[in-house]
Amino acid sequence: MPKKRKKHGRRGRPSKPRKPRLSKIKVQAPKGTHDILPEEQKYWDKLRAVVAQAATNYGFGRIDTPVFEDVRLYIKGTGQNTDIVQKEIYTFKTKGGEQLALRPEFTPGIVRAYIEHGMKNLPQPVKLCSIGPVFRHDKPQAGRYRQFHQINFEIIGDPTEVSDVQIIQTFVSILKRLNLKKFTIFINSIGCLMCAPKYKKNLLSYYKKRLNRVCPECRRRFDKNPLRLLDCKNEKCKKVTNEAPQILDYLCDECRLHFKKVLEILDDLEIPYILNPYLVRGLDYYTKTVFEVWEDKDDSGQGALLGGGRYDNLVEMFKGKSTPAVGAAAGMERIISFLKKQDIKISEIEKPKVFMIQLGELGKRKSLKLFDEFQRNGIKVGEAFSKPSIKSQLKIADKEGAKIALILGQKEALEDSIIIRDMVSGVQETVLIEKVINEVKKRLKQ
RNA sequence: GUGGCUAUGGUGUAAUGGCAGCACUAGAGUUUGUGGAGCUCUCAGAGCGGGUUCAAAUCCCGUUAGCCACCCCA
């Protein structure tokens, strides 16, 4: 009724003075970003705890690097022609004129830190773990954000297959500890500087003769990113792909042996995988082993849960001597969405069992002080100090699931006492305020 | 970047072009300073900008955002 009148009033004669209009701003998170609300935090806490444990177990030290770096680090590291650098990177110019970029991935920053801090003088390999936000200007959709969070593990300074496997093993242990069991590991080797170029040449000449038989998208790939030709889902293209030369046939002896050993160790560890000879990755620096982990067997769904591989040339590309390395990153949002889908129970953040209720000015003051004393004694106490009435406070105590309510009103404040109310039975007892902490401790033990 | 679908309180939803309702949540009350049920009341809504019409949540155009697919990836 009042609403209607308002509407008409606007068109007729406005009799009441109107409120001055404040210019409003758009109240909305920027595209592709999202808030992680309090009720979501238990998943994040859990994931972070599992990651921290895995890092300790497998001997990784935590490193935090800046969220932005010199843009050239990524152009050179991640690769000039990658999608990440070509269309997804966030760059900006500082007042001092530096060209910086929000990190689209961790590896270049970590390699930079490895070099900058002379970590080659530490016992090799150096094993590093990071966790935090990364940024890619991509078109958002399910499981894809412009600001998202990654878990990143790197082993720098070891050429042997053990490290390839350990990276995989570390992530597998994280997924298992989260009770996520149904995932699929796809693995491949894309060779090294010795053998990969030869393969690429052969692949190109194979496709060159058959360009009229593939989709337009593949014709574009032919120029831009030939390795991608291999995993086109178009039926017509698949026929061409099936007969195409395979990287595995072109690996040099060293790469072939390395890959063979990686697979053997995975077998020993009983880590199941699917060898996918068409798996390639979007970053330029990969050599030898590459892998991705997906929820489903057919790489459908919300994208990879994690991906990584060996990058034996990156450190050298930046500076200094040849330093082999391997690493991988997982998307935290995707893992958490997987976690939720599987209906896996995450323990709630424990709510306080004791709730403090205050009445009147004096009661409130004494309650605030007592509340602090409970904290010092390590007892979590709930409160609603902003509420004046005992009723609304008890209601909240009930909703929060408190076992004990402590009631401190005007009367109690004057005689230095406090009421202890058992929220289940409703039985109350008045005790001296100085004894209440011990009394509550006693009751919580029961 | 390309295409498709969608858009109503904080959440979930309803209404042939004709008074924007309902449920949940939140807040206040329901005889004194005592919660849980019931009841009463209150706050709160058409993403934005145009157009058609006597009249638009509804139809049209644009825009923004979300979702889905492609691309690519975490």
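Note that numbering that gives the first Met the number 0 has the first sequence beginning at 0, numbered continuously upward.
Glycine included, C-beta positions come from ideal geometry on N, C-alpha and C.
{"Check": "N-terminal and C-terminal residue of the beta strand (DSSP E) that cysteine 128 is part of", "Outcome": "125–134"}
{"Check": "Delimiting residues of the alpha helix (DSSP H) encompassing glutamate 360", "Outcome": "359–375"}
{"Check": "Which of helix, strand or coil DSSP assigns to asparagine 151", "Outcome": "strand"}
{"Check": "Enclosing beta strand (DSSP E) for asparagine 187 [first to last residue]", "Outcome": "183–188"}
{"Check": "Glutamine 165 beta carbon less than 8 Å from that of tyrosine 57", "Outcome": "yes"}
{"Check": "Contacts around glycine 307, its chain only, beta-carbon distance under 7 Å, and the 5 residues preceding and following it disregarded", "Outcome": "Ile166, Phe290, Gly326, Ala327, Ala328"}
{"Check": "Integer Cβ distance of phenylalanine 147 from glycine 330, believed to fall under 8 Å", "Outcome": "6 Å"}
{"Check": "Nearest residue (CA-CA) to tyrosine 113, options Asp63, Pro276, Arg71", "Outcome": "Asp63"}
{"Check": "Sequence-distant residues of its chain with Cβ nearer than 6 Å to leucine 21 (five each side left out)", "Outcome": "Residue confidence for leucine 21 is low, a pLDDT of 49 falling below 50, so the modelled location carries little weight and cannot support an answer."}
{"Check": "Whole-angstrom distance between lysine 352 and lysine 434, CA atom to CA atom", "Outcome": "18 Å"}
{"Check": "Counted within 10 angstroms of its Cβ, other Cβ atoms place leucine 407 as buried (16 or more) or exposed", "Outcome": "buried"}
{"Check": "First and last residue of the uninterrupted alpha helix (DSSP H) at leucine 265", "Outcome": "252–267"}
{"Check": "Contacts around alanine 53, its chain only, beta-carbon distance under 6 Å, and the 5 residues preceding and following it disregarded", "Outcome": "Thr169, Ser172, Ile173"}
{"Check": "Arginine 20 - DSSP class collapsed to helix/strand/coil", "Outcome": "Any reading at arginine 20 needs caution, since the residue's pLDDT is 45, under 50, leaving its predicted position unreliable; the model's value is listed next. DSSP places arginine 20 in coil when its eight states are reduced to three."}
{"Check": "Whole beta strand (DSSP E) elements within the region 327–361, 3-residue minimum", "Outcome": "353–357"}
{"Check": "Alpha carbon of lysine 339 to alpha carbon of asparagine 151, nearest angstrom", "Outcome": "22 Å"}
{"Check": "Range covered by the alpha helix (DSSP H) that runs through valine 435", "Outcome": "435–444"}
{"Check": "CA nearest to the CA of leucine 192, picked from Ile270, Lys287, Arg143", "Outcome": "Lys287"}
{"Check": "Distance between glutamate 38 and proline 225 (C-alpha atoms, nearest Å)", "Outcome": "45 Å"}
{"Check": "N- and C-terminal bounds of the alpha helix (DSSP H) containing alanine 48", "Outcome": "40–56"}
{"Check": "Residues of its chain near lysine 45, where Cβ-Cβ distance is below 6 Å and the 5 sequence neighbours each way are ignored", "Outcome": "Ile345"}
{"Check": "Host alpha helix (DSSP H) of glutamine 392 (start-end)", "Outcome": "389–398"}
{"Check": "Glutamine 301 - DSSP class collapsed to helix/strand/coil", "Outcome": "coil"}
{"Check": "Reduced DSSP secondary structure (H/G/I, E/B, other) of threonine 106", "Outcome": "helix"}
{"Check": "Touching by the beta-carbon criterion (3+ pairs, under 8 Å), the region 390–403 and the region 415–423", "Outcome": "yes"}
{"Check": "Through-space distance from glutamine 27 to proline 13, alpha-carbon basis", "Outcome": "Since pLDDT at proline 13 reaches only 37, below the 50 mark, its modelled position is unreliable, and no value is offered."}
{"Check": "Buried or exposed (CB count within 10 angstroms, at least 16 for buried), glutamine 357", "Outcome": "buried"}
{"Check": "Aspartate 248 versus leucine 274 - alpha carbon distance", "Outcome": "14 Å"}
{"Check": "Alpha-carbon spacing of valine 125 relative to aspartate 69, whole angstroms", "Outcome": "23 Å"}
{"Check": "Identity of the residues DSSP links to threonine 429 by a beta bridge", "Outcome": "Ile418"}
{"Check": "Spatially closest choice to leucine 179 from Leu268, Lys138, Ile335, Leu228, by CA coordinates", "Outcome": "Ile335"}
{"Check": "Touching by the beta-carbon criterion (3+ pairs, under 8 Å), the region 214–224 and the region 249–256", "Outcome": "no"}
{"Check": "Residues near arginine 101 by beta carbon distance below 7 Å, same chain, minus five either side", "Outcome": "Looking at the sequence provided, one finds leucine at residue 101 rather than arginine. Val66, Phe67, Tyr89, Phe134."}
{"Check": "Paired residues, beta bridge with isoleucine 173 - DSSP", "Outcome": "In DSSP, isoleucine 173 forms no bridge with anything."}
{"Check": "Inter-residue spacing [alpha-carbon to alpha-carbon] between threonine 429 and tyrosine 42", "Outcome": "41 Å"}
{"Check": "Cβ pair asparagine 206, leucine 228 closer than 8 Å", "Outcome": "Per the sequence presented here, residue 206 reads as tyrosine, with asparagine not at that position. Yes, they are a contact pair."}
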